[in-house]
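Quick mapping for you: the protein sequence lines, in order, are chains A, B and C. The first sequence: position 104 = 104 (our numbering), numbered continuously. The second sequence: position 26 = 394 (our numbering), numbered continuously. The third sequence: position 31 = 475 (our numbering), numbered continuously. The structure appears below as structure tokens.
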Amino acid sequence: MKANTADVIVVGAGIVGAACARAFLREGLSVTIVERDLVGGGATAAGMGHVVVMDDSEAQFALTKRSRDLWDSLVPELPPEIEFERRGTLWVAADGEELEAVSGKKAHYEARGVRAELLDELSLRTAEPSLRPGMAGGFLVPDDSVIYAPCAAAWLSRGANIVRGTVEQIEDGALRLRNGERLEAGVVICATGAWAVDLFPALPVKPRKGHLAITERYPGAVRHQLIELGYLKSAHSAGTESVAFNVQPRATGQLLIGSSRQFGVEDGAVEEHMIRRMLDRAVEYLPSLAGMKVLRLWTGFRAATPDHLPIVSLCPGMRRTYLATGHEGLGITTSLGTAEILVESVMGRAGVLTKQNYAAERFVECRV
Amino acid sequence: MIVNGVSVDVADGVSVAAALMQLKIIPRRALSGEARGPLCGMGVCFECRVTIDGQPHERGCMVRAREGMEVRSDEG
Amino acid sequence: MKVDTLIVGAGPAGLAAARGARSVGRKALVIDENWNGGGQIWRGQGRLVVGVAFEFERQVVDLRGLEYDRLILACGARELFLPFPGWTLPHVVGAGGLQALVKNGLDVRGKRIVIAGSGPLLLAVAANLTKAGAEVLLVAEQTSWTKLARFAAGLWRWPSKMAQGILLGNPRYRAGLWPVRADAGGVTMSDGRRWDCDYLACGFGLVPNLEVPRLAGCAVVDGFVEVDEWQRTSVDGVYAVGEITGIGGVEKAEAEGWAAGCGTKIQGDHARFVSRLAESFELRTGLRGLATPDTIVCRCEDVKLCKIVGFHDRRDAKLQTRCGMGACQGRICGPILEFLYGWEAERARPPILPTKVSDFVRKTRVTLD
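Put into structure tokens, the structure is as follows:
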């Protein structure tokens, strides 16, 4: 193989790019990843590492479910530093209204092959004793899991040739680096998250800023990934700023505390007012957090699309360049499903997922 | 000061870290289980972390031992 | 809280800044994370300044929301610890670290102590520990006798530093010697000799505490805060004094603090002593080879040297190995990685010290712990 060619070139060594690299390597193809900074160092490092089934739409359910199955199939191979733990997601209903709203979810999930349980007030207390008393109940998805994504990205990209460089332009089956070098490949995949618009300005992908906090080690303080059911409202609201209670126990005993969502903020600085709102919300649900110590705060940018589904398809008008972006807050989960869709597309195979649901052409601005 | 449930006399102005060192009590076990002791003595290294009055992860070198203060080490 | 001059650190530089500010009628507030003033060197014996407000046991975790006309950073320095087999054993302590513990009540009477590392601090520590009743068996300085002799010969230029020259006469002082391995009851030195000891007190020189200056956005050049002759940093209204602008001891720290406090140019030439110190006690490259693959580099997260392979920078290693991800936020392993691989620190982000969730929630502004 010549240095400047490969069967497949993936731009971006985040979790999505890394998953694509692994999928194509397993087809026996040579893969080069071009990364401008660090493997798993962008949104992959900024996110929570939650592998979760979500039901915003049938297409989202299908993609997250398939992806979670793919993660589960990898479990025997995952090295310890990926910190895979089947924590389950516990969606917390603060009041009767929220609980009522999820009463149909169990049947919905189980009809699609995902185990789920409705919890009343008492069983919620038993499942997660540190939640504030008086919560109405919850919706538990016991097979969701948690991973440490930067190491997952490094593990998934093993075997690929990783080149450090900034891509300035992507063409059909080729790309040009800032240093002037031109690379060619049978297949090029753009997996640069929120920065995909730098290369493809027409894409309806917007950066959606998020804040996270991590605590010192408090082993056993929380058992499940906890999310308020109001999250679904705040995650998908069109508003420019929102926070939701979202706490994840890490294998280290630390707690990751989220979450915030902001559109229209490009500065990556930690914003005091967002941190305050976010932690305030977290303490409302989990009073014992108040006495815990925050070790670090940081921010990241999700790549958001208008319909909350990623863009995973050929780049409109091209035959050899593919897009894999727009995963918003679900990139860790859906990276594996994304890679599967792309491999099947390139190899001309049918698959589990309906590819058109994730194609760029669903957006008017992407049609050629 | 009460260390791991046992009352001990400590002179005024002595830091928790110095007091534990004097008593030959290991403040912290590392992740590997290895015993650790104070290193920097000045609040930088976090090796002398103990639970003080129920609050874990306190730097023993930055806190003065007080009468009735409850200190718990990783051994306790 | 609004003051004319906010001073971070109550060591020699910060106290001099407070005196300077007072002398020109400025309202000053000094904050320090210790429970008494004087910094690491005077610890409780520094004279506080009448007419200046002091707040102890106050830690800066974020600078946003603090109100001042002038911010004077006098954050001082900490010891550089280098990894070698056994350096994580409980009887291996910092040199300045052991001294601080003794000043805070540790009784070392009759304890056998080996002091090792680099820099004039080792001798000062030896003198203090001896005074406290310890038996100092050996003071091992890694630099060569040649460099040491040149340093001593130049001390006449700085009469106030002659005391250091006297300390050089310590009969237990050895140059060109360093620890290679500690075991539960002692230490083996680079000449192969093993010493039984109760404590091995180690410090390989000083590194500046740059967390707060970095948080303030001050430019850092060659490992120190960049300042002009008024001690102004690259950030408007922010001044830096003392060890964070160059390791140079008390005299330099006080001159800089005074200048920044009263808003005058610095008096005297301190740069020469700073560079003389740095040259004389420059760490020999061989010390990079002390750690074996199994030696722990990051003590918070127990990351061994053999795990730090193939990374671009400190953040890369942190994300993939957890090195520097623990409670000390890389304060100990950061300078080690810089010595071993030349990796510089990341940008500082608040909170620079672990901070209770309630402190973020309760206050409208996150300022001081």
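Even for Gly, the Cβ is constructed at its ideal location relative to N, Cα and C.
Contact set between residue i and chain B, taken where Cβ atoms lie within less than 8 Å
i	result
residue 291(A)	423
residue 216(A)	424 and 425
residue 537(C)	405, 406, 407 and 409
residue 542(C)	409
Backbone CA spacing between residue i and residue j [nearest angstrom]
i	j	result
residue 186(A)	residue 239(A)	41 Å
residue 44(A)	residue 307(A)	21 Å
residue 799(C)	residue 294(A)	5 Å
residue 578(C)	residue 801(C)	43 Å
residue 489(C)	residue 458(C)	14 Å
residue 375(A)	residue 97(A)	Residue 375(A) is absent from the model: chain A starts at 1 and stops at 368.
residue 502(C)	residue 9(A)	52 Å
residue 529(C)	residue 404(B)	14 Å
residue 83(A)	residue 148(A)	6 Å
residue 430(B)	residue 673(C)	34 Å
residue 262(A)	residue 85(A)	29 Å
residue 729(C)	residue 133(A)	60 Å
residue 520(C)	residue 483(C)	8 Å
residue 648(C)	residue 718(C)	16 Å
Cβ-Cβ separation, residue j to residue i (assumed contact under 8 Å), whole Å
i	j	result
residue 221(A)	residue 130(A)	6 Å
residue 333(A)	residue 67(A)	5 Å
residue 569(C)	residue 540(C)	7 Å
residue 413(B)	residue 775(C)	7 Å
residue 452(C)	residue 475(C)	6 Å
residue 25(A)	residue 160(A)	6 Å
residue 631(C)	residue 537(C)	The pair is not a contact, with the Cβ atoms about 12 Å apart (cut-off 8 Å).
residue 196(A)	residue 325(A)	4 Å
Chain C within 8 Å of residue i, Cβ atoms only
i	result
residue 412(B)	yes
residue 417(B)	yes
residue 275(A)	yes
residue 294(A)	yes
residue 91(A)	no
residue 71(A)	no
Chain A within 8 Å of residue i, Cβ atoms only
i	result
residue 503(C)	no
residue 680(C)	no
residue 802(C)	yes
residue 449(C)	no
residue 741(C)	no
residue 732(C)	no
residue 746(C)	no
residue 756(C)	yes
Residue i: contacting residues in chain C (beta-carbon distance under 9 Å)
i	result
residue 22(A)	Chain C residues near residue 22(A): none, gap ~17 Å exceeds 9 Å.
residue 283(A)	801, 802 and 805
Beta carbon proximity, residue i to chain B, threshold 8 Å
i	result
residue 522(C)	yes
residue 532(C)	yes
residue 640(C)	no
residue 570(C)	no
residue 486(C)	no
residue 13(A)	no
residue 798(C)	yes
residue 811(C)	Residue placement at residue 811(C) is flagged as unreliable, the pLDDT there being 44, under the threshold of 50; a coordinate-derived value is accordingly withheld.
residue 548(C)	yes
Contacts that residue i makes with chain A (C-beta to C-beta distance below 7 Å)
i	result
residue 738(C)	In chain order: nothing, as chain A lies at least about 18 Å away.
Within chain C, the residues that residue i reaches when beta carbons sit closer than 8 Å
i	result
residue 195(A)	Residues of chain C passing the Cβ test: none, with the nearest at roughly 18 Å.
residue 270(A)	793 and 794
residue 131(A)	Correct list: empty, because the minimum Cβ distance to chain C is about 16 Å.
residue 297(A)	793, 794 and 795
Amino acids of chain C, ordered along the chain, whose beta-carbon sits closer than 7 Å to that of residue i
i	result
residue 402(B)	532
residue 279(A)	801, 804 and 805
residue 432(B)	479
Per-residue contacts from residue i into chain B (C-beta, under 9 Å)
i	result
residue 551(C)	386 and 390
Contact set between residue i and chain A, taken where Cβ atoms lie within less than 8 Å
i	result
residue 759(C)	38 and 41
residue 508(C)	272
inquiry  = Output needed in chain order: residues of the region 30-50 of chain A with a Cβ under 7 Å from some Cβ in chain C.
reply    = 38, 40, 41 and 45
task = Mind checking the region 375-393 of chain B against chain C and listing, in chain order, the residues whose C-beta falls within less than 7 Å of any C-beta there?
result = 379, 381, 382, 383, 385, 386, 387, 389 and 390
request  = Check each residue of the region 764-788 of chain C: if its Cβ is closer than 9 Å to any Cβ of chain B, include it; give the result in chain order.
outcome  = 770, 771, 772, 773, 775 and 776
task = Compile a chain-ordered list of the residues in the region 145-177 of chain A whose CB is closer than 8 Å to at least one CB of chain C.
result = 150, 151, 154 and 164
ask   = Which residues, in chain order, does the region 241-267 of chain A contribute to contact with chain C at a C-beta distance below 9 Å?
value = 252 and 257
query = What residues in the region 638-672 of chain C have a beta carbon less than 8 Å from any beta carbon of chain A?
reply = none
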